[in-house]
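One structure is given below, encoded as structure tokens.
Numbering (our numbering), first residue to last: 673 to 709.
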């Protein structure tokens, strides 16, 4: 049970990191496009 919870927690952290990376990339692209135009 504890190992299962740790595995779930790890995948949750992995998903959160992926989502934050996507958000950072979107923000970077948005600022670049804003400064270009």
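Beta carbons are placed, not taken as given, at the ideal position from N, Cα and C, and that holds for glycine.
Rounded to a whole number of angstroms, what is the C-alpha to C-alpha distance between residue 705 and residue 688?
Here residue 705 corresponds to residue number 33 of the chain shown, with the count starting at 1. Here residue 688 corresponds to residue number 16 of the chain shown, with the count starting at 1. Roughly 26 Å between the two C-alpha positions.
In the structure shown, what three-state DSSP assignment does residue 709 receive?
Position 37 of the chain shown, counting from 1, holds the residue named residue 709. Reduced to three states, the DSSP call for residue 709 is coil.
Straight-line gap, residue 703 to residue 683 (C-alpha atoms, nearest Å):
Locating residue 703 in the chain shown gives position 31, where the first residue counts as 1. Locating residue 683 in the chain shown gives position 11, where the first residue counts as 1. Rounded to the nearest angstrom, the two C-alpha atoms are 30 Å apart.
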